[in-house]
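Note sheet for the following structure.
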Amino acid sequence: TLGRDATVKHIVVTLGGDVVRILPSVDYTGPGGAAEMIGLYFAGPGEHAEHRLFVDHSVGHCRSNVLYKGALNGDGAHTVWVGDVLIRAAAVGTDTYEMNRNLVLSGGGRADSVPNLEIETGEIVGAGHASTTGRFDDEQLFYLMSRGVPADEARRLVLRGFFEDLLATIGVPQIDEVVRDTLLPVLAQNPNALDWETPQTTDSIVTSFTKAVRTRLGNRRANAVPDLATRQTLGDPKLTLWCELVLAAAD
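The structure is reproduced here in structure tokens:
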């Protein structure tokens, strides 16, 4: 419960568990209140992580900002995020936004994301929500591998980067260190994270990356991009050179 001009930063970190359910809520009792809700979660094989939050804007001129990010890896991994925000008729001048992003790292996992925004007055500063669920971009992994980063380490770096901006918003060095010290062993225990049912070999990544570049260039300049056969003639040690050829064609 937030009174007049009160502020709160609520942080949730969930890094595994057979069944985890967390239900945070915010209720405003006076104007000027501000709530920031930050969540990070990771579910492994057979694990269920569920976060259902409720923000009740019952008085005017209050703010709320919600940012939750999650990743899941392995058969039976399941995450659920439900964000309910209610702006009542008396809550004029409300400013609220909620965002949920999910990264599905392997086949067999499922991420459910349900942002709900109910507005009973049009006299607000702003209100919005966003939700994304998907896999990481092959181009990120290709970029790191083309510069000599081993595939397993590149996958872990992509996953760490996914969470890094969220960790930066925590703003408390002691908590940042604890979360990072806890998160890194979890990533280390999931060396196959970002692997799908079809192994992502260097050739498959290159093929995907080439197709994406050619699409962006358009038909007129597509032939300027070296194909997979050209890269194979260079050999794996020349992967960086192949990358430079692709980038040069895109210039």
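Residue numbering for the sequence shown follows the numbering used here, starting at -4 and increasing by one per position. We treat Cβ as the ideally placed atom computed from N, Cα and C, and that holds for glycine. Quantities reported herein were computed from a predicted structural model and do not represent experimental measurements.
Alpha helix (DSSP H) segment containing residue i, residue limits
| i | result |
| --- | --- |
| TYR63 | Run containing TYR63: none in the alpha helix (DSSP H); it sits in the beta strand (DSSP E), 58 to 67. |
Residues near residue i by beta carbon distance below 6 angstroms, same chain, minus five either side
| i | result |
| --- | --- |
| GLY(-2) | THR24, GLY25 |
| ASP22 | THR(-4), ASP51 |
| ASP0 | GLY27 |
| TYR92 | ASN60, GLY123 |
| PRO170 | One detail in the question is off: residue 170 reads as Ile in this sequence, not Pro. Same-chain partners within the cutoff: there are none. |
| ALA29 | THR2, ARG58 |
Host beta strand (DSSP E) of residue i (start-end)
| i | result |
| --- | --- |
| ARG16 | 14 to 17 |
| ASP253 | For residue 253 there is no data in the structure shown, the boundaries of the chain being -4 and 246. |
| TYR23 | Note, TYR23: premise wrong, no beta strand (DSSP E); not H, not E. |
| VAL167 | Unbroken run through VAL167: none, as it is neither H nor E. |
| GLU45 | 43 to 52 |
C-alpha gap between residue i and residue j, whole angstroms
| i | j | result |
| --- | --- | --- |
| LEU18 | ARG142 | 43 angstroms |
| GLY117 | VAL87 | 8 angstroms |
| ARG155 | SER101 | 16 angstroms |
| ARG96 | LYS64 | 5 angstroms |
| LEU81 | LEU178 | 33 angstroms |
| VAL120 | PRO40 | 42 angstroms |
| LEU62 | ALA163 | 12 angstroms |
| PRO168 | VAL7 | 16 angstroms |
| GLU31 | LYS4 | 5 angstroms |
| GLU113 | HIS56 | 17 angstroms |
| ASN111 | ARG83 | 14 angstroms |
| PHE37 | ALA66 | 5 angstroms |
| ILE33 | VAL144 | 31 angstroms |
| LEU35 | THR89 | 26 angstroms |
| VAL174 | VAL54 | 34 angstroms |
| GLY104 | ASP70 | 6 angstroms |
Beta-carbon contacts of residue i that lie in its chain and below 7 angstroms, excluding the five residues immediately before and after
| i | result |
| --- | --- |
| ALA149 | LEU136, LEU139, MET140 |
| GLU42 | GLY11, GLY12, ASP13, ALA72 |
| PHE49 | SER20, ASP79 |
| SER108 | TRP76, ASN95, ASN97, SER126, THR128 |
Near the ligand ATP: residue i beta-carbon under 7 angstroms from a heavy atom
| i | result |
| --- | --- |
| ARG(-1) | The ligand ATP is absent from the structure shown, which contains no ligands of any kind. |
Residue i classed as buried or exposed, judged by whether at least 16 other C-beta atoms fall within 10 angstroms
| i | result |
| --- | --- |
| GLY78 | buried |
| ARG58 | buried |
| GLY166 | exposed |
| THR2 | exposed |
| ASN68 | buried |
| ALA44 | buried |
| ALA85 | exposed |
Same chain only: Cβ atoms within 8 angstroms of residue i, ignoring 5 sequence neighbours per side
| i | result |
| --- | --- |
| PHE158 | LEU35, LYS64, ALA66, LEU178 |
Enumerated in chain order, which unbroken segments of the alpha helix (DSSP H) with a length of 4 residues or greater are wholly contained in the stretch 80 to 159?
-> 133 to 141
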